[in-house]
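> The opening position of the sequence shown corresponds to residue 163 in our numbering, with each subsequent residue numbered one higher. The beta carbon of each residue, even a glycine, is placed where N, CA and C say it ideally should be. Owing to the predicted nature of the structure, the values given are computational and were not obtained by experimental measurement. If you scroll down you'll find the structure; I have some questions about it.
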Amino acid sequence: MVISKFFKKQKKQTQPEIKPSQPAPSSTDMLIAKIKTVTDPSELLTTAQQSDEALQKAAKNRFAALIDEGQLTPQQLSALTTDTGLILSILAFSKQKNLLEQQLTSLSQPQLCEQAIKGGTAELRKTAAGLLTEADVLEQLTKATKGKDKTVYRIAKDKLNEIQECLTAEATRRAALQQLLDSAGKLANTPFDPLLNGKIKNLQLQWQELEAEPTEAQQQQFDKALTSAQKTYDEHMEQLAAEEELAKTPVEPEPVEETPEPIVEPGRFIEIRKTLHQVLTDQILAMIESEEITEAMLNHADEVLTESQNEWRTTEEEQKASKEEFRAFSHLCTEYEQLLLAFRSLDSFADLVDQCEQDPESSAVEILDQIIHHLDFLASDNQPVVVQHAQTILKDIEARQEQYKKEQHQQIGHIRGLIRKGHWAINQGHLRQAAGITHAIEEKAGHLERIPQSLKQQITQLSEDLEKLLDWQDFAVLPKKKDLLDKMQALVGSDQHPEAIANLIKRFQDEWKLLSKGSQGHHQELWEKFHAAAQEAYQPCKKWFEEQAEMRRRNLTSRQKLVSELNIFLQAIPEQPDFSAIEKAINVAKQQWRTYSPVERQANKPVQQAFDKVMGDIQGVLNQQYQAVKEQKKDIVEKARELLEMDNFKAATNKAKDLQKEWQETGKTWRKEEQKLWKEFRAVCDELFGRRDEHNRQMQAEFDKVGEQAQALIQQAEQLLSNEQLSAQELKQQINHLSHEFTALGRLPRQHQSSLQKSWDTAEQAVHHLIDSKNKSVRVDEWSLFDQLVQTEDAIDQLTAHTWRHVPDPIVKAVSNRQTADTKTTQSLLILMEIMAGLDSPESDASLRMQIQVERLQQGMTQNHTNQEDFSKLLAQWYAIHPIDPTFQRRFLAARNTYLKIK
């Protein structure tokens, strides 16, 4: 079969297969076949402990077969291994189910619970669950198996319910016992009451009928209380007997003074009569509310009535009752006797009420109505709930009876209306309509409890009128029936498809039936010819339908075989199944089932039920996974919703992508739930990504704005380069301000970050170069002015009074204190200036230049390490000399200006 081929593809998971059509024997199949012949328990034990589930199962089955065949006992199996789980799983495969139960009975309740949860087979888990008796362990089992193992969960739940029912019943029995103890205690402390003896007997009777077994202390307490009450009653009765005996003893009359007779209080006898009335009422109420009316209870009720009547007569001897009292007591006694008579045929009053409620048509309703009628002495506020319920039921029954009478009356009116329509149809010549109406009238009249004589006459008249119309219609129907006969005879030997012929035969028969409606029995000879032609025309169809029937039988057999294979598949599903394989198996099984069609509908019903059941059980395994996946995906949706609260859109979208990946890896659930959850998840993700996109658009807009601002700052910096009016100081202030604004922009647009930064750096560096150039030019100009003033003797005062920015004060002071120096000193200072400026000296000064450089080297100084202080010191020494050779002066100033430009 197709489903078998599908299961053969599973490799990673040891999945049960449904009879492969012609499988190639695998190594596992060969090992399983070999295991079935092994008789060595040790070898089987080794195989049963392997990781391969198929080999494990085969070994356990072989163990069970050896036990069933008598070649191995459970005791010998226990001697082979101490692994309780393995032993139990082996016995679960045995046909001797008592062996598994015997082994399980040796386990504690927690151990049984563990086997019910983790047992290797369904049989083991069910049996272990069935042996649990402790409520707390069963509670633990229901929590562990809910939604995972439906069968075990149901067993545990039923057992818990039984325990709870037993506890409730026991509590009810104990409460009834305690109530009797309390009643007995009250009776023991009650003074003499004319009905005290009856109350004692009633309590004794109820005590004997108790379902709960009293303890020895409770029995002693009850006996002591009744003994005390009986003693009170006996002492009073002995006192009365003594007084009566004393009254019978003749004594000599002594002359005594005449004394007035004692005055009897009338109110005391009224109270006694009220008590008697209440005793009889309570006795009736007790029987009404009793769960069972026993013979002993009825006999006791007779005794109570007799004692009450005797006590009443006693009070009458002392004080005659009023007419109202006598009439009420007589009525009560009469109703009491009638109720006892009715109760003798009942098990309980509550059962009678239930019977009437379930079957309002039964004779029990009349009995209940009589009993309720005899209970008219009960005040409305003293009626038990069951009596009130009975009255409600009787009212409902009475209302239904009234409704039934009303419906009967309406039905009669409806029939009269149909009769009028029937006469109209006959007058119009509508035979079929008239015949249908007449038939409907006959059916409705059959449901009437009583038909009025006038209505009977109208129905009879309608039937006679219909017969007259039939006689006239025969002349019109005959040609049509002959035409149908010709058509039916033409089908004999027809080369049409058998199914088409069968359909035509049925259609012609339906038309014949329609023509004969209302005139059955007419044209009998024509009918016989028509029927014979139909039988002959049907012969080719018969074979075709037989072939169809055979096909339906084959399909039914194939369906039965498929159900059997599915049951094997279900039993062999491992603890950790391949759910994707199970899902595919379900789909393949459904496809195969549909291919096995058509089938005989009636015969297919039990097969369909079996198929639905096994598919439901397999689907149940899959549903557990579907439920788990559903919960996981609901959790993913909730996690996605939580991401909407995050401010970090990038982190939120990254987590959303992780959740999408997790969604794909979780698996599938029911299609409807999958679509619903996916719609929710997709909506959350769309909202999340939409927020991210909106945020990105806003950020991009800001970045674009930043880019525009950066470009504007760059342009402003570049414009500074072309503004010749600005001094170096003004340039420096403006470029610093622009640099501060550029830095304040923060992050630049990613796509233009490099070019903008490079453009800014270039512009900024160019401005700083311009500033340096301007500063150097100003410095050279100032030194030129200074040199001019130095060369002018009359300008010394002007030179010292001038404010110099780039000429240090020590140099200005040196001019004021100039002295004459030798040529070598002047020449040395000149060469040192040329060295500092990086200029060559004339060949004539090469020797002196070398000497000076060596001295500087010895002093640890190089040209690169000359600083501004050395430069200023050198200038101060130079300007302190006067006069200077003009050639030296020109060389010195050229070297100085060169230094100023490069530094």
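Taking C-alpha atoms, which residue in Ser1009, Leu1010 and Thr988 lies nearest to alanine 1042?
Nearest C-alpha to alanine 1042: Thr988.
> Can you list, in chain order, the residues of its chain with a C-beta nearer than 7 Å to that of leucine 1001? Leave out the 5 residues immediately preceding and following it.
Cβ within range, chain order: Ala1057 and Thr1060.
> Would you say phenylalanine 811 and arginine 853 are within 8 Å of each other, going by their C-beta atoms?
Closer than 8 Å, so yes.
> To the nearest whole angstrom, what separates the beta carbons of threonine 600 and serine 625, a pair I think is in contact under 8 Å?
That pair is a contact at about 6 Å.
> Measuring CA to CA, which of His930, Phe1050, Gln919 and Arg1018 is closest to alanine 983?
That would be Phe1050, whose Cα lies nearest to the Cα of alanine 983.
> Please state if the CB of leucine 460 and the CB of arginine 506 are separated by a distance shorter than 8 Å.
Taking 8 Å as the Cβ cut-off, arginine 506 and leucine 460 qualify as a contacting pair.
> Any idea which residues DSSP pairs isoleucine 1043 with across the strands?
According to DSSP, isoleucine 1043 bridges with Gln981.
> Assuming tryptophan 674 is part of the alpha helix (DSSP H), what are its boundary residues?
Start and end: 660-677.
> Would the region 747-758 and the region 695-712 be scored as touching if the rule is three or more Cβ pairs under 8 Å?
At 8 Å Cβ cutoff, the stretches do not touch.
> In angstroms, rounded to a whole number, what distance separates the CA positions of glutamine 392 and histidine 398?
Whole-angstrom Cα-Cα distance: 10 Å.
> Between the Cα of alanine 379 and the Cα atoms of Leu888, Leu339 and Phe773, which residue gives the shortest distance?
For the residues Leu888, Leu339 and Phe773, the minimum Cα distance to alanine 379 belongs to Leu339.
> For a test of the three-state rule: what should DSSP assign to serine 470, helix, strand or coil?
The answer is helix: DSSP assigns serine 470 an H, G or I state.
> Rounding to the nearest angstrom, what Cα-Cα distance links glutamine 770 and lysine 752 in this structure?
Their backbone Cα atoms lie some 12 Å apart in a straight line.
> Does the region 885-894 come into contact with the region 843-859, if we say contact requires no fewer than three beta-carbon pairs (one atom in each stretch) closer than 8 Å?
Not touching, per the Cβ criterion.
> Classify arginine 287: buried if its beta carbon has 16 or more other beta carbons within 10 angstroms, exposed otherwise.
Arginine 287 is buried by the Cβ-count criterion.
> Helix, strand or coil for valine 776 per DSSP?
Note: valine 776 maps to helix in three-state DSSP.
> Applying the 10 Å Cβ sphere with the 16-neighbour rule, what's the burial state of histidine 536?
Buried, by the Cβ-count rule.
> Compare the C-alpha of tryptophan 1040 against each of Leu193, Ile1014, Ser990 and Ser1006 and name the closest.
The shortest Cα separation from tryptophan 1040 among Leu193, Ile1014, Ser990 and Ser1006 belongs to Ser990.
> Could you tell me which of Thr437, Ser525 and His931 sits nearest to alanine 879, measuring between CA atoms?
Comparing Cα positions, the closest option is His931.
> Please list the terminal residues of the continuous alpha helix (DSSP H) segment that includes threonine 554.
Note, threonine 554: alpha helix (DSSP H), 547-590.
> I want to know whether the region 239-258 touches the region 221-231 - three or more CB-CB distances under 8 Å.
In short, these stretches touch, since the Cβ pair count reaches three.
> Given a threshold of 16 other Cβ atoms within 10 Å of its Cβ, counted over all protein chains shown, does leucine 1019 qualify as buried or as exposed?
With fewer than 16 Cβ atoms within 10 Å of its Cβ, leucine 1019 is classed as exposed.
> Going straight from the alpha carbon of glutamine 563 to that of glutamine 595, what length do you get?
Between glutamine 563 and glutamine 595, the C-alpha separation is close to 34 Å.
> DSSP three-state label for phenylalanine 707, please.
Reduced to three states, the DSSP call for phenylalanine 707 is helix.
> Please report the straight-line C-alpha distance between alanine 290 and glutamine 218, rounded to a whole angstrom.
For alanine 290 and glutamine 218, the distance between alpha carbons rounds to 21 Å.
> For serine 1034, which residues of its own chain have a beta-carbon under 6 Å away from its beta-carbon, when the five flanking residues on both sides are left out?
Excluding residues within five positions, the ones whose Cβ falls inside 6 Å are Pro970.
> Give me the residue from Ala458, Glu263, Leu850 and Lys308 with the minimum Cα distance to leucine 293.
Checking every option, the nearest Cα to that of leucine 293 belongs to Glu263.
> Check whether the region 759-769 and the region 784-800 are in contact - that is, three or more C-beta pairs closer than 8 Å.
The region 759-769, when compared against the region 784-800, does not touch it at the 8 Å Cβ threshold.
> Alpha carbon to alpha carbon, how far is lysine 801 from glutamine 326?
Computed Cα separation, rounded: 41 Å.
> Ignore the nearest five residues each way along the sequence and tell me which others in leucine 228's own chain have a CB closer than 6 Å to its CB.
Correct list, in chain order: Leu234.
> Taking C-alpha atoms, which residue in Ala607, Glu629, Ile621 and Arg715 lies nearest to histidine 592?
Nearest C-alpha to histidine 592: Glu629.
> Hey, quick one: how far does the alpha helix (DSSP H) through lysine 752 stretch, first residue to last?
From DSSP, the alpha helix (DSSP H) with lysine 752 extends over 741-757.
> Rank Leu805, Gln826 and Trp825 by C-alpha distance to the C-alpha of asparagine 816 and give the top, closest one.
For asparagine 816, the nearest C-alpha among the options comes from Leu805.
> For the pair the region 523-531 and the region 488-497, tell me if three or more CB-CB distances fall below 8 Å.
In short, these stretches do not touch, since the Cβ pair count stays below three.
> On the criterion of 16 or more Cβ atoms from any shown chain inside 10 Å, does alanine 337 qualify as buried, or is it exposed?
Exposed, by the Cβ-count rule.
> Taking 8 Å as the threshold (C-beta atoms), are threonine 307 and valine 314 in contact?
For valine 314 and threonine 307, yes; Cβs fall inside 8 Å.
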